[in-house]
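Below you'll find the structure, written out as structure tokens, and then a few comments.
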Amino acid sequence: MQKALENFRICDFTGQLAGAGATKWLSAFGAEVIRIEDPVRDGRWDILRGNAPFKPGQKGLEHGGGFNNHNTDKLGITLNLRTQKGKEILTELIKVSDAVTENFAAGVLDRWGFGYEALKAIKPDIVYVSNCGFGHEGPYHRFKTWGPIVQAISGLTFTSGLPDQPPAGWGYSYMDHTGGYYMAMAIMLALRHKQNTGEGQWVDLACTEAAVTLNGPAVLDWTVNGTKLRKEDQPHSNRSQFQPMAPHGIYPCRGDDDWIALSVRNNDDWEKLVTLIKDDWTGAYPKESTRLSQQDELDSLVSSWTSGFDKFELEAMLRALPIPASAVRKPQERIDQDSTTRNFGLWPTVEHSAMGKVQVDGQPVQFSETNWHQARGAPCLGEHNEDVLTRLLGYSSEEVAQLAEEGVL
Amino acid sequence: MSVLQGIRVIELANERIAFAGKLMADMGADVVLVEPPQGDPTRGYPPFDGQTGNKSLYFWHYHTNKRSMILDLDKAEDLDHLRKLISQADVLLETEPIQRLAQLGLDYQDTSPENPGLIHIAVTPYGRDAPESDLPQTDLTLMAAGGPPWSCGYDDHSLPPVRGWGNQAFHTGSHFAYMSALTALLYRGESGAGQFIDVSITAALNVTTEAASYAWHVCEATVQRQTGRHAAVVPTGETQMLCADGKHVNTGVPPRFPREFQNLLTWMKSLNLDKEFPETVFLEMGAAWEGQFDLSKIGEDDTITAIFSAGRDGLKLIAQTVSAYEFFVGCQEAGLAVGIIYSPEEVYEDEHFKARGFQASLQHPGRSEPVRYPGAPYKLPASPWSLRHPAPELGEHTQEILSSLE
Numbered sequence: 001m002q003k004a005l006e007n008f009r010i011c012d013f014t015g016q017l018a019g020a021g022a023t024k025w026l027s028a029f030g031a032e033v034i035r036i037e038d039p040v041r042d043g044r045w046d047i048l049r050g051n052a053p054f055k056p057g058q059k060g061l062e063h064g065g066g067f068n069n070h071n072t073d074k075l076g077i078t079l080n081l082r083t084q085k086g087k088e089i090l091t092e093l094i095k096v097s098d099a100v101t102e103n104f105a106a107g108v109l110d111r112w113g114f115g116y117e118a119l120k121a122i123k124p125d126i127v128y129v130s131n132c133g134f135g136h137e138g139p140y141h142r143f144k145t146w147g148p149i150v151q152a153i154s155g156l157t158f159t160s161g162l163p164d165q166p167p168a169g170w171g172y173s174y175m176d177h178t179g180g181y182y183m184a185m186a187i188m189l190a191l192r193h194k195q196n197t198g199e200g201q202w203v204d205l206a207c208t209e210a211a212v213t214l215n216g217p218a219v220l221d222w223t224v225n226g227t228k229l230r231k232e233d234q235p236h237s238n239r240s241q242f243q244p245m246a247p248h249g250i251y252p253c254r255g256d257d258d259w260i261a262l263s264v265r266n267n268d269d270w271e272k273l274v275t276l277i278k279d280d281w282t283g284a285y286p287k288e289s290t291r292l293s294q295q296d297e298l299d300s301l302v303s304s305w306t307s308g309f310d311k312f313e314l315e316a317m318l319r320a321l322p323i324p325a326s327a328v329r330k331p332q333e334r335i336d337q338d339s340t341t342r343n344f345g346l347w348p349t350v351e352h353s354a355m356g357k358v359q360v361d362g363q364p365v366q367f368s369e370t371n372w373h374q375a376r377g378a379p380c381l382g383e384h385n386e387d388v389l390t391r392l393l394g395y396s397s398e399e400v401a402q403l404a405e406e407g408v409l
Numbered sequence: 001m002s003v004l005q006g007i008r009v010i011e012l013a014n015e016r017i018a019f020a021g022k023l024m025a026d027m028g029a030d031v032v033l034v035e036p037p038q039g040d041p042t043r044g045y046p047p048f049d050g051q052t053g054n055k056s057l058y059f060w061h062y063h064t065n066k067r068s069m070i071l072d073l074d075k076a077e078d079l080d081h082l083r084k085l086i087s088q089a090d091v092l093l094e095t096e097p098i099q100r101l102a103q104l105g106l107d108y109q110d111t112s113p114e115n116p117g118l119i120h121i122a123v124t125p126y127g128r129d130a131p132e133s134d135l136p137q138t139d140l141t142l143m144a145a146g147g148p149p150w151s152c153g154y155d156d157h158s159l160p161p162v163r164g165w166g167n168q169a170f171h172t173g174s175h176f177a178y179m180s181a182l183t184a185l186l187y188r189g190e191s192g193a194g195q196f197i198d199v200s201i202t203a204a205l206n207v208t209t210e211a212a213s214y215a216w217h218v219c220e221a222t223v224q225r226q227t228g229r230h231a232a233v234v235p236t237g238e239t240q241m242l243c244a245d246g247k248h249v250n251t252g253v254p255p256r257f258p259r260e261f262q263n264l265l266t267w268m269k270s271l272n273l274d275k276e277f278p279e280t281v282f283l284e285m286g287a288a289w290e291g292q293f294d295l296s297k298i299g300e301d302d303t304i305t306a307i308f309s310a311g312r313d314g315l316k317l318i319a320q321t322v323s324a325y326e327f328f329v330g331c332q333e334a335g336l337a338v339g340i341i342y343s344p345e346e347v348y349e350d351e352h353f354k355a356r357g358f359q360a361s362l363q364h365p366g367r368s369e370p371v372r373y374p375g376a377p378y379k380l381p382a383s384p385w386s387l388r389h390p391a392p393e394l395g396e397h398t399q400e401i402l403s404s405l406e
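Residue numbers (our numbering), protein chains in the order written: chain A, 1 to 409; chain B, 1 to 406.
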């Protein structure tokens with residue numbers, strides 16, 4: 001099968017998830033992504049390198065589970081940019097690349113002598129995409145972020161939770177994942193512009209801005225109507241914010257921390273649900289307006305009903321009606337026991353030089369002509385030094401060995 | 001020139017994919033929203049514009065820069081119009097029931113012979129080959145199926161898992177639809193060939209759950225939800241704190257470098273908190289630490305554990321004394337990645353975002369003042385994001401588009 005992006009080469013400084021997740025998409029579609037790591041600090045500017053989770057019996061720099069998951073099919077080289085020779089090699093690599101990508105704090109690449117102006121001098125049509133929490137300009141451009149900080153600033157933490165409770169936020173870095181998606185979009189948009197016009201550019205991506213756009217209707221309710229979401233009560237985010245629906249929530253089931261989500265969109269759904277509940281109390285709620293205005297009472301009645309069922313049995317019964325319903329799936333239930341993810345080919349197994357075979361997150365798409373492919377694990381430190389320097393930059397194997405000895409690689 | 005100028009997208013209206021269409025339209029694509037005669041149901045979703053009382057701000061947000069066309073697909077004539085429209089389009093974006101387009105004679109195998117460059121993107125709950133895709137779904141039930149709520153909620157597990165607000169399941173599916181469109185456009189730019197793309201929303205959510213998935217892949221460990229911080233296999237210390245003004249902050253990673261301990265100490269002194277803080281001595285030890293401060297020794301090495309805890313406790317004490325905004329800025333100036341937990345309206349009015357030009361605006365017919373919108377998610381100076389016109393009225397462009405088809 002053809003590879004969609006095989007004509008593109010990325011000189012990649014990204015790390016963690018917000019950056020590495022972006023170039024993972026590109027490499028899955030055949031772009032040549034060359035990760036650059038610092039030999040002096042053993043590549044630890046990416047804190048996931050060498051960090052848990054580990055496969056049983058493994059530990060160390062080459063065994064980080066998250067690092068492997070986010071860096072499949074990339075090439076990895078080491079370059080000591082404190083040395084003049086290291087800078088020269090980077091310059092040669094930029095000359096043969098289409099894009100330079102990074103998610104350092106603002107200004108880091110510039111301090112190394114590879115800011116946008118320098119990059120452009122090396123290769124006039126270079127695409128440069130920087131991804132940092134607050135962007136490279138503005139009063140907070142020196143401030144640092146992680147995914148949870150981006151979520152806090154942008155309103156995504158505030159808008160996730162239950163009343164009478166503090167914000168629940170997101171129990172993972174939704175905005176590292178999603179920031180990575182926006183970075184992938186930005187890289188591809190800039191490559192497309194270059195494909196159209198031959199012109200490069202610097203894309204200044206601020207993850208917090210991308211995140212604010214994900215609460216668009218709430219922002220408009222503020223700018224148009226002056227409505228604030230900060231009120232006495234924390235927003236109840238398991239309820240429907242837009243289309244009026246009730247009941248609409250996550251309800252307890254029998255079993256250990258087992259739950260089911262269900263939504264009643266209209267009177268039809270409600271009438272179907274009533275045939276399943278078969279209890280007199282449902283007679284008090286024939287009207288949507290009543291169900292909406294008495295959601296607290298309704299939720300507790302629905303909870304007592306759902307709590308007698310196994311979540312998957314109840315899911316099957318609700319789906320037979322059918323009304324929208326799904327058990328809250330635990331990792332094992334959606335990865336090992338869910339035919340829909342397995343049939344979609346969502347969990348490829350890659351071969352990692354040190355970790356061996358490891359299952360990873362694939363891509364949630366299938367292309368008829370140029371599908372993605374993930375086969376190789378994340379690169380070990382400097383694993384492709386010889387390949388990249390000999391094949392792309394014309395060094396001999398002896399020269400590569402010499403550079404390693406001199407501490408350049 | 002915007003990147004996607006000249007790209008014609010046909011979007012068969014549905015709330016699940018509206019955001020993918022917006023992302024393309026805002027980068028210059030000509031997105032034709034095909035609506036049934038009664039209009040897309042989201043035209044009736046709150047919140048509404050208070051001035052007219054019936055204009056949906058939800059619809060305004062998700063359909064900026066698009067054109068609207070009414071087509072009744074139960075009528076042969078309108079079906080022909082759609083066929084013609086697709087034959088001239090670059091991208092078809094749809095989330096129809098899995099057999100629907102084949103029944104209409106408009107699936108990829110029907111349309112691609114006439115339009116081999118067509119990029120047909122089908123976004124469904126579980127993929128085009130899964131019968132489950134035709135089950136009724138909401139954002140909430142998609143989320144529960146795809147994994148995120150398992151990781152979100154509170155330390156107290158008698159409280160239910162939480163779904164983050166804002167139809168993020170639809171967004172996540174839309175992000176992958178858009179990334180797919182860009183990937184396929186880049187390929188078409190080199191080869192001329194289009195293709196069919198099958199996007200699964202629940203699969204998209206499954207791979208947007210961070211360690212919940214890869215801790216299972218790597219060592220079959222299951223993360224557990226915690227209040228305001230990452231779900232984890234081994235419980236971690238709290239990171240969400242309440243400040244003196246009743247607002248919360250997320251403290252991220254507490255101090256772990258000598259300079260950070262020193263900055264924290266200096267700040268506490270300036271607030272006169274160092275005298276009453278019993279762990280000041282440990283902060284001083286942290287500030288004077290030589291060599292690597294090895295976080296992996298927390299719990300094993302008493303001194304490192306005490307210094308690390310002092311950092312967290314010191315932050316907590318400051319938080320009780322200052323406002324959330326002061327805490328945020330003070331910590332950031334001390335080099336700590338901390339965030340204020342803003343509501344959407346608060347972040348929108350924050351000076352940083354204003355200074356960056358994030359506030360976009362658009363003139364709406366019949367309104368004296370322009371409407372302020374969220375701005376660009378990314379800045380491409382050579383080929384910028386833009387708001388050109390507001391969401392269309394129902395069928396506003398039907399005639400205009402039909403005549404262009406003749």
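We put the CB at the ideal spot given by N, CA and C, even for glycine.
Here the structure is a predicted model, which is why all the values come from computation and not from measurement.
Take ALA360(B) and list the residues in its own chain whose beta-carbon comes closer than 6 Å to its own, dropping the five residues that flank it on each side.
-> TYR373, GLY375 and LEU387
Just mark GLY339(B) as buried or exposed, buried being the case when its beta carbon has 16 or more other beta carbons within 10 Å.
-> buried
Which residue's Cα is closest to the Cα of ILE318(B): LEU242(B), SER174(B) and GLU345(B)?
-> Per the C-alpha coordinates, the member of LEU242(B), SER174(B) and GLU345(B) positioned closest to ILE318(B) is LEU242(B).
Contact list for ASP49(B) against chain A, beta-carbon separation under 8 Å | VAL224 and ASN225
Can you give, in chain order, each stretch of the beta strand (DSSP E) that sits fully within the stretch 80-158 of chain A and has at least 3 residues?
-> 99-102 and 127-132
Just mark ARG342(A) as buried or exposed, buried being the case when its beta carbon has 16 or more other beta carbons within 10 Å.
-> By the 16-neighbour rule on beta-carbons within 10 angstroms, ARG342(A) is exposed.
Taking only beta-carbon positions, decide if TYR154(B) is within less than 7 Å of chain A.
-> yes
If we call anything under 7 Å between Cβ atoms a contact, is PRO125(B) one with ALA210(A)?
-> no
Compare the C-alpha of CYS380(A) against each of ALA404(A), ASP310(A) and THR72(A) and name the closest.
-> THR72(A)
Please confirm whether LYS379(B) and ASP125(A) have their CB atoms less than 7 Å apart.
-> no
Would you kindly work out how many angstroms separate the C-alpha atoms of HIS364(B) and THR223(A), rounded to a whole number?
-> So the two alpha carbons sit approximately 13 Å from each other.
Please check if any C-beta of chain E sits within less than 7 Å of the C-beta of MET188(A).
-> Of the protein chains in this structure, namely A and B, none is chain E.
Are the Cβ atoms of TYR348(B) and VAL150(A) separated by less than 7 Å?
-> no
In chain order, what residues of the same chain lie with their CB nearer than 6 Å to the CB of ALA232(B), ignoring the 5 residues before and after it?
-> VAL223
By DSSP, does THR419(B) sit in helix, in strand, or in coil?
-> Residue numbering for chain B in the displayed model covers 1 to 406; residue 419(B) lies beyond these limits and cannot be assessed.
Given a limit of 7 Å on CB to CB distance, which residues of the stretch 123-149 of chain A reach chain B?
-> PHE134, GLY135, GLU137, GLY138, PRO139, TYR140, PHE143, LYS144, THR145, TRP146, PRO148 and ILE149
ASP72(B) and ASP80(B): beta carbons closer than 7 Å?
-> No, these two residues do not count as a Cβ contact at 7 Å.
Return the CA-CA distance between LEU93(B) and LYS84(B), expressed in angstroms with no decimal places.
-> 15 Å
Give a yes or no on whether 7 Å exceeds the smallest Cβ distance from TRP165(B) to chain A.
-> yes
Simplified DSSP assignment, three categories, for ARG376(A) = In the three-state reduction of the DSSP assignment, ARG376(A) falls in the strand class, which pools E and B.
Going by C-alpha distance, which of TYR154(B), ALA122(B) and LEU135(B) is nearest ASP176(B)?
-> Residue 176(B) is actually Phe in this sequence, not Asp. With distances taken between Cα atoms, PHE176(B) lies closest to ALA122(B).
Of all the CB atoms in chain B, is at least one closer than 7 Å to the CB of TYR285(A)?
-> no
Under the three-state reduction of DSSP, which class applies to HIS157(B): helix, strand or coil?
-> coil
Looking only at C-alpha atoms, which of GLU190(B), LEU265(B), HIS397(B) and VAL371(B) sits nearest to ALA287(B)?
-> LEU265(B)
Can the beta-carbon of THR95(B) be found less than 7 Å from the beta-carbon of ALA145(B)?
-> no
Over what stretch of residues does the alpha helix (DSSP H) that includes ARG391(A) continue unbroken?
-> 385-391
For SER68(B), does the three-state DSSP call read helix, strand or coil?
-> strand
Could you tell me the boundaries of the alpha helix (DSSP H) in which ALA184(A) lies?
-> 174-197 is the extent of the alpha helix (DSSP H) around ALA184(A).
Chain A within 7 Å of ARG356(B), Cβ atoms only | yes
Cβ neighbours of LEU5(A) in the same chain (closer than 7 Å, five flanking residues each side left out) = LEU26, PHE29, GLY30 and ALA31
Take every Cβ of the stretch 390-409 of chain A, pair it with every Cβ of the stretch 195-213 of chain B, and state whether three or more of those distances are shorter than 8 Å.
-> no
Could you spell out where the alpha helix (DSSP H) holding TRP216(B) opens and where it closes?
-> Residues 211-219.
Cα-Cα separation, TYR214(B) to ASN68(A) | 9 Å
Given PRO364(A), which residues of its chain have a CB within under 8 Å of its CB, disregarding the five upstream and five downstream residues?
-> PHE344 and LEU346
Would you please verify whether the beta carbon of THR157(A) is less than 7 Å from any beta carbon of chain B?
-> yes
Within 7 Å (strictly less), CB to CB, does GLN363(B) reach chain A?
-> no
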